[in-house]
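Trainee:
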Amino acid sequence: MYTLLLATLLLQPIWALPPPPSEQGLQVKLRANLENYTVAAETFPQALTKVAAQFEIPMGIEWIRTSATQREIRRSWRHTTVYGVVESLVKSQSGYDFAIANGVIHVFPKGALMDRSSFLNHRINKFEAKNEFAGVLSYRLRELLKRTISPPLPSSPALGTAGSIATGAGDRRITFRLVNASVRQILDKLSLATDFRIWIVTYPEDRTLTETGFRRVASLYTSSSVADNEQPVWAFLRWGDALPK
Amino acid sequence: MAGSNPGCGTTRTFKYQVRDQFGQVMLVYNMQLWDSIVTTSTNTCNLGGYNTTCAITNTGPCNVGTFADGTFNENLGICAPAGHLVSGGCITGCTTTADQTWNINGISLSGDVKNLSYQCDRSW
Chain A
0 MYTLLLATLL LQPIWALPPP PSEQGLQVKL RANLENYTVA AETFPQALTK
50 VAAQFEIPMG IEWIRTSATQ REIRRSWRHT TVYGVVESLV KSQSGYDFAI
100 ANGVIHVFPK GALMDRSSFL NHRINKFEAK NEFAGVLSYR LRELLKRTIS
150 PPLPSSPALG TAGSIATGAG DRRITFRLVN ASVRQILDKL SLATDFRIWI
200 VTYPEDRTLT ETGFRRVASL YTSSSVADNE QPVWAFLRWG DALPK
Chain B
0 MAGSNPGCGT TRTFKYQVRD QFGQVMLVYN MQLWDSIVTT STNTCNLGGY
50 NTTCAITNTG PCNVGTFADG TFNENLGICA PAGHLVSGGC ITGCTTTADQ
100 TWNINGISLS GDVKNLSYQC DRSW
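Here it is in structure tokens:
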């Protein structure tokens, strides 16, 4: 049996931030020539994360958990570029598209960038981080969204909440300020500031809306549905992290 | 959580280190961890629920792991309803006690449950 030791209070190391990949840096990576390249993956998102990891590409993935996206993928290319691989993979899935913004490749169901029911397009008036761990900021962002997506009923008793958020490997303390940014932009920012260079939003096949008009999302980690009062959820992965089965 | 907590959004930060049953530090990178919290006997802060490490409360894992020295950070916070916490202090003092159980690499540390006390002292 393990035991936990409460070691120190308020004594986190201050991590040196690596320079975030620039838009230009990403373009250079995408233009890299490939003589031969093969990807073998159990699912569409796994294929994308493998390519992202192999070529160190920051990636934001929005995918719908369908039988089509969960089919095995085995593809090979000759005389192409990293961009060509991404393009080919995305185009092989009916109804998906990709775009580059904020130094991140975004893969998404067609129309998602303009979908007003997507929480990722919801804008936050001001989102600030002052030397805080990205995991804590991700939690704070989610709490902000929950107030809009699943506000407490007026008749419900005034209940409070408490939180416990653990952060560890790959996370860093960061400082930034974004004004009128979309949730997608904020996730990009959190992703680029840490080792978690991939973020994933999973949609269930049954694409329904909450009472407040937001598209429900699913969890990457469980096939159970996510209750409205837990919406929305997302996941961060480092390059090389395995996707949950 | 020791001490008072003046105002919604204030957090307390801890650092934990995972040790084995012999008390030896486990210098293992990326041991997956998550926690669950349940209220015990006192809940005058009227807390209706908890947000835990993984997005869906009291479940895991969710790709949060230890640093290479077996440590991880924890941030505890409280947001109580109107009547208790306001910006800068508490109108009425309150306390909620809860048990927190950590799960490390799929093992529930049921023998090392942390007794949390969320407390807001009256400051108005």
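If you're matching them up, the sequences are chains A and B in order. Heads up: the first sequence runs through residues 0 to 244, numbered per numbering that gives the first Met the number 0. Heads up: the second sequence runs through residues 0 to 123, numbered per numbering that gives the first Met the number 0. All C-beta atoms, glycine included, are put in the ideal place defined by N, C-alpha and C.
(1) What did DSSP end up calling Ile246(A) once you bin it into helix, strand or coil?
(2) Taking the beta strand (DSSP E) that Arg215(A) falls in, what are its first and last residues?
(3) Look up Ser190(A) in the DSSP assignment and say whether it is helix, strand or coil.
(4) I'd like to know if Tyr220(A) contacts chain B, where contact means its C-beta is closer than 7 Å to some C-beta of that chain.
(5) Quick check: what's the CA-CA separation for Leu32(B) versus Ala168(A)?
(6) Please confirm if Ser163(A) has its CB atom under 7 Å from at least one CB of chain B.
(7) Against Leu236(A), what residues of chain B qualify as contacts under a CB-to-CB distance less than 8 Å, listed in chain order?
(8) Quick check: the Cα distance between Pro231(A) and Tyr36(A), rounded to an integer number of angstroms?
(9) Can you tell me whether Thr7(A) is helix, strand or coil according to DSSP?
(10) With Ile164(A) and Gly134(A) assumed to form a contact (beta carbons below 8 Å), what rounded beta-carbon distance in angstroms separates them?
(11) Report back the beta-carbon spacing between Thr10(B) and Asn74(B) to the nearest angstrom; my notes put them in contact at under 8 Å.
(12) Quick check on this structure: which residue in Trp76(A), Arg70(A), Ser181(A), Gln26(A) has the alpha carbon closest to the alpha carbon of Ala111(A)?
(13) Quick check on DSSP: helix, strand or coil for Ser40(B)?
(14) Excluding the five sequence neighbours on either side, which residues of its own chain have a C-beta within less than 8 Å of the C-beta of Thr39(B), listed in chain order?
(15) Interface residues of chain D around Glu229(A) at Cβ under 8 Å?
(16) What number of angstroms, rounded off, separates the C-alpha of Ile63(A) from the C-alpha of Ala52(A)?
(17) With distances taken from CA atoms, which of Ile36(B), Asn104(B), Asn42(B) is nearest Val17(B)?
(18) Could you work out which residues of chain A lie near Thr95(B), taking near to mean beta carbons separated by less than 9 Å?
(19) Distance check for Pro108(A) and Arg206(A), CA to CA, integer angstroms please.
Mentor: Concretely, from the data shown:
(1) Absent from the model: residue 246(A). The displayed extent of chain A is 0 to 244, so no value can be given.
(2) Within the first sequence, residue 215(A) is the residue found at index 216, counting from 1. Neither: Arg215(A) is in no beta strand (DSSP E) and is coded neither H nor E.
(3) One-based indexing of the first sequence puts residue 190(A) at position 191. Ser190(A) falls in the helix class under three-state DSSP.
(4) Translated into positions along the first sequence, residue 220(A) becomes position 221. Yes, contact with chain B.
(5) The count along the second sequence starts at 1 and reaches residue 32(B) at position 33. The count along the first sequence starts at 1 and reaches residue 168(A) at position 169. Cα to Cα, the separation comes out at about 11 Å.
(6) Position 164 of the first sequence, counted from the first residue, corresponds to residue 163(A). Yes, contact with chain B.
(7) Translated into positions along the first sequence, residue 236(A) becomes position 237. In chain order: Asn62.
(8) Working through the first sequence from its first residue, we reach residue 231(A) at position 232. Working through the first sequence from its first residue, we reach residue 36(A) at position 37. If I take the Cα positions, the gap works out to 36 Å.
(9) What you label residue 7(A) is simply residue 8 of the first sequence in a count that begins at 1. The predicted position of Thr7(A) is uncertain, since its pLDDT is 36 and thus under 50; a value taken from the coordinates is nonetheless stated next. If DSSP states are grouped into helix, strand and coil, Thr7(A) belongs with the strands.
(10) Your numbering for residue 164(A) matches position 165 in the first sequence. Your numbering for residue 134(A) matches position 135 in the first sequence. Between Gly134(A) and Ile164(A) the Cβ distance is about 6 Å, and since that is below 8 Å, they are a contact.
(11) Here the question's residue 10(B) lines up with position 11 in the second sequence. Here the question's residue 74(B) lines up with position 75 in the second sequence. That pair is a contact at about 5 Å.
(12) Reading the first sequence from its first residue, position 112 is the one you call residue 111(A). The option with the nearest alpha carbon to Ala111(A) is Ser181(A).
(13) Stepping through the second sequence from its first residue, residue 40(B) is reached at position 41. Correct three-state label for Ser40(B): strand.
(14) Here residue 39(B) corresponds to residue number 40 of the second sequence, with the count starting at 1. The answer, listed in chain order, is Thr96, Ala97, Asp98, Asn114.
(15) This model lacks chain D altogether, as its protein chains are A and B.
(16) Translated into positions along the first sequence, residue 63(A) becomes position 64. Translated into positions along the first sequence, residue 52(A) becomes position 53. Cα-Cα distance, rounded: 21 Å.
(17) Residue numbering aside, residue 17(B) sits at position 18 when the second sequence is read from its first letter. Nearest C-alpha to Val17(B): Asn104(B).
(18) In the second sequence, the residue the question calls residue 95(B) occupies position 96. By Cβ distance, chain A contributes Gly159, Ala161.
(19) Numbered from its first residue, the first sequence carries residue 206(A) at position 207. Numbered from its first residue, the first sequence carries residue 108(A) at position 109. C-alpha separation (whole angstroms): 12 Å.
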